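Protein sequences appear in the order of chains G and S.
With our numbering, the residue at position 33 of the first sequence is 736, and numbering never jumps.
With our numbering, the residue at position 256 of the second sequence is 959, and numbering never jumps.
Here the structure comes first, spelled out in structure tokens, and everything after it is commentary.
Protein chains: 2
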Amino acid sequence: MGLDSQIVNMAKTARAASYKMAIVSQEAKNRALRLMAKALIGESRYLLSENRKDLAAAAAKKGYSKALLDRLSLNAGRIENMAKCLLETAALKDPVGEVLKSLKRPNGLTIKKVRTPIGVVGIIFEARPNVTSDCIGLCLKSGNAVILKGGREAIRSNTAIVKILKSVAQKAGVPADGIQLVSSTDHKAVDILLAQEKYIDLVIPRGGEQLIRLVVEKSRIPVIKHYKGICHVYVSDKADMAMARKICFNAKVQRPGVCNAMETMLVHQNAAKRFLPMMIDDFKKAGVEIRGCPLTRRVVKGIKAANAQDWDEEYLDLILSVKVVRDTNDAIEHINAHSSHHSDAIVTKDVREADSFLKRVDSACLFVNTSTRFSDGYQFGMGAEIGISTDKLHARGPMGLEELTTYKYLVYGKGQLRQ
Amino acid sequence: MGLDSQIVNMAKTARAASYKMAIVSQEAKNRALRLMAKALIGESRYLLSENRKDLAAAAAKKGYSKALLDRLSLNAGRIENMAKCLLETAALKDPVGEVLKSLKRPNGLTIKKVRTPIGVVGIIFEARPNVTSDCIGLCLKSGNAVILKGGREAIRSNTAIVKILKSVAQKAGVPADGIQLVSSTDHKAVDILLAQEKYIDLVIPRGGEQLIRLVVEKSRIPVIKHYKGICHVYVSDKADMAMARKICFNAKVQRPGVCNAMETMLVHQNAAKRFLPMMIDDFKKAGVEIRGCPLTRRVVKGIKAANAQDWDEEYLDLILSVKVVRDTNDAIEHINAHSSHHSDAIVTKDVREADSFLKRVDSACLFVNTSTRFSDGYQFGMGAEIGISTDKLHARGPMGLEELTTYKYLVYGKGQLRQ
């Protein structure tokens, strides 16, 4: 069978299975998730041996970074975390069937807006094998069929995980066809997959900006994505300066390689002299490279100059651009122009100033007097997250189970006719 | 200025205005809407004279259908309806700022999920000038900037409407730049518009399937659409047959040219002999052409045979395909395979059968013991609707003000840091 018909058949099979997935009981789904967690642990030896083959193949090929090899590798602890994520997903509230709205019309019709699964969700990701089991768990719990396309480096690990979880699904009364893995490592497989808009309802790419741009460009299926996280913290002249110092440090340094870390710090001109010297001193001690605007460099000597590109750069590293702004309005305009609309923060004691910032900054998550690092599904109490969206349609910000659902309207009549 | 930079500038201007639109007060928006309604009536003479120029130009060009000329033409009654729609929109609840969820995390963070405007909405439509004022009203009320691109036939009417409404907006303290009309009638204008994903957040095409397919194919901006309405009514063997007869008649005949009219009627095999002869007799008397499956043609003689294409056809006319199905399961499978996922109905007295139909049919709106013709924003109590979505992401079914919004997360802290 050619690659084309292989992928089309897989998508058709997933669509057919999605109708069955949608009506699996909460109890059956949770039982399956718990058994899946158990099976991953039980089959650790097999998983690790398949993973070692992936690692050996990647090592032999060369050209792969140490970071990629790290993301690719499994060990007992990581398998336990995969199992834990499945157990946590089992413990979450089932979103399917929730009545979002219910109303009675003057003509006696009762209308209910009810949460339903989306249908078939495609996940396109890179080397992390845990994405495979996390996504299978979240899609199962939300009643969706899932088609996974992981990076070629992880193909043996992913095949092993899917094999284990499908076999559990079958035994637990969940349609195993609702879990599909693209086994081809041919790049064309992605192109074919992205053309199956008849059978796939949503694509979520998880990975670097390059992967995401590729998916967006080629997909005829709706995509939910975030390209990057260019997050700002704005320190108002009305901030508690000691608090601002800790928040900015946390937002930049606690884990610089992630999308919700601060990349640009904005400081009110009236706070610059009080705030910047001690703050930049903290950063320098932590090894953070500062790139400053002219005013910043006037207040603190010996800082590298920021260029125009710096304001649109996601460093994902111990680098920070710093800009002194005229006022809150200037800060808001800078953020709306340069933020990736992911997560931005203000530090201020002035409630009205905070309010205006919250209303006017056009980002998925906004923070007052706390760190952008809290922008995360777990931190928001959603349980596991399947991604963070910087799109505005359907889902914005962290995406949990609810964001993997849609709704339908159920209208109950007693023979009413349209006049 | 070339067409390219003209459209790009318009999109940029709309984006900048969208930040202002988002914070206009409810009172100012409602006052503007009421003044707009008044202005349309007050400027009727001007509007009608511009509309007559459009009609004359269209008549001179030939090739336009009578139906198009009818849709294009304005009169006192239609202008009153446009004004009425603006007044009704003023009376609707302002969706912006609604707190959708509020929670306190164990670390003391308060998280609020708050409804916000989407930003910039593009509307691409055909000849009806009322779409212009309806969409301006709905976008204004939901705090969005709007870019309108209407059919070339209506360019003078649309220009006049936009001129009147922008001038009112300005006086009423609503940013007039938030209302933009593409004045070029060059087809390329649409292509350029659909590439402005940086400045436009959502595109809603309103019109025939051809227009919508063109928009979907070319757009880099998310699109919400419905291609067509292939709606089914399934008459169970457990239906009240007298009720079923009235519902099916209403769904097909009351207004056959619209998307929520029935195109295919499914009948349980055990009901066929009781139901079909009288039903088909009703339809024949109303001038409905019946295209039947072999079993239908065995029960009622002298009916045209349906071919394979009939099950996927949106007639928008007094034509109906009729199929006898084995059982409810067979009906559900037929609908999931052939429906356009817009609106489908079941007639039955059996609550469990109805439940199973509602759970298993994958359509935006499902009806029990009533007509698919109720699938409509007004009928659902939303007030005016901007369209009906057969997509599953963001908005499904009738789209009112709420469906023109997104949300953001506001996180309030007291210096909390991520561990």
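Think of the CB as a built atom: it goes at the ideal place given N, C-alpha and C, for glycine as much as any other residue.
Owing to the predicted nature of the structure, the values given are computational and were not obtained by experimental measurement.
Beta-bridge partners of SER1092 (chain S) (DSSP): S:GLY1100.
Residue pairing from DSSP leaves ILE933 (chain S) without any beta-bridge partner. If you keep only unbroken alpha helix (DSSP H) runs of at least 4 residues inside the stretch 898-974 of chain G, you get 912-921, 944-956.
For THR888 (chain S), the CB contacts under 6 Å within the same chain, skipping 5 residues up- and downstream, are ARG855, ILE858 in chain order. In this structure, PHE1060 (chain G) sits away from TYR1112 (chain S), with a CB-CB distance that is not shorter than 8 Å.
ALA863 (chain S) and LYS815 (chain G) have their C-alpha atoms roughly 41 Å apart. Taking 7 Å as the Cβ-Cβ cut-off, the stretch 972-989 of chain G has no residue approaching chain S. By the rule that beta-carbons nearer than 8 Å mark a contact, ASP1033 (chain S) does not touch chain G. Following the DSSP letters along the chain, one finds LEU777 (chain S) in no beta strand (DSSP E), marked with neither H nor E. Within chain G, no C-beta atom comes nearer than 8 Å to that of ILE903 (chain S); the closest sits roughly 11 Å away. DSSP lists G:LYS816, S:CYS1068 as the beta-bridge partner residues of TYR1112 (chain G). It is roughly 26 Å from the alpha-carbon of ARG977 (chain G) to the alpha-carbon of ILE933 (chain G).
Collapsing the DSSP output to three states places GLN883 (chain S) in a strand. DSSP, read as helix, strand or coil, puts PHE828 (chain S) in strand.
TYR1081 (chain S) counts as exposed, since fewer than 16 other C-beta atoms from the protein chains shown sit within 10 angstroms of its C-beta.
In this structure, G:VAL938 is the residue among G:VAL938, G:LEU841, G:LYS955 with its C-alpha nearest to the C-alpha of ARG1029 (chain G). Note: ASP1047 (chain G) is bridge-paired with G:HIS935, G:LEU1069 in the DSSP secondary-structure output. Counting only residues of its own chain and dropping the five nearest sequence neighbours on each side, SER1078 (chain S) has a CB closer than 6 Å to the CB of ASN963, SER1046, CYS1068. The DSSP-derived three-state label of GLU753 (chain G) is helix. Annotated three-state conformation of ALA793 (chain S) is helix, per DSSP. Buried is the label assigned to PRO832 (chain S), since at least 16 other Cβ atoms lie within 10 Å of its Cβ.
Comparing C-alpha distances from THR1093 (chain G) to each of G:GLU912, G:ILE821, G:ALA731, G:ASN847 shows the shortest one belongs to G:GLU912.
The DSSP-derived three-state label of LEU1023 (chain G) is strand. Per DSSP, GLU856 (chain G) is not a residue of any beta strand (DSSP E), being assigned neither H nor E. Residue-level contact by beta carbon holds for PRO925 (chain G) and chain S, with a gap shorter than 8 Å. Per DSSP, the unbroken alpha helix (DSSP H) holding GLY840 (chain G) starts and ends at 833-844. Of the residues S:SER922, S:ILE915, S:GLU920, S:VAL823, the one whose Cα lies closest to the Cα of LEU884 (chain S) is S:VAL823. Below the 9 Å Cβ cutoff, chain S contributes LYS816, TYR1110, LYS1111, TYR1112 as neighbours of GLY1100 (chain G), in chain order. Residues of the same chain with a CB within less than 8 Å of the CB of LYS891 (chain G), apart from the 5 flanking positions on each side, are LEU706 in chain order.
Excluding sequence positions up to five before and after ILE1006 (chain G), its CB lies within less than 6 Å of the CB of ILE993, GLY995, ARG1000, all in the same chain and listed in chain order.
Between PHE1083 (chain S) and chain G, the shortest Cβ-Cβ separation is below 8 Å. When the five nearest sequence neighbours on each side are left out, the beta carbons in the same chain lying within less than 7 Å of the beta carbon of GLN957 (chain G) are those of ARG1076, in order along the chain. The beta carbon of ILE1035 (chain S) sits closer than 7 Å to those of PHE1060, ARG1063, VAL1064, all from its chain and outside the five residues before and after it, given in chain order.
Look at GLY822 (chain S) here: in three-state DSSP terms it is coil, with no helix or strand label. GLY995 (chain G) sits in a strand when the DSSP states are folded into three classes. The beta carbon of ASN1039 (chain G) sits closer than 8 Å to some beta carbon of chain S.
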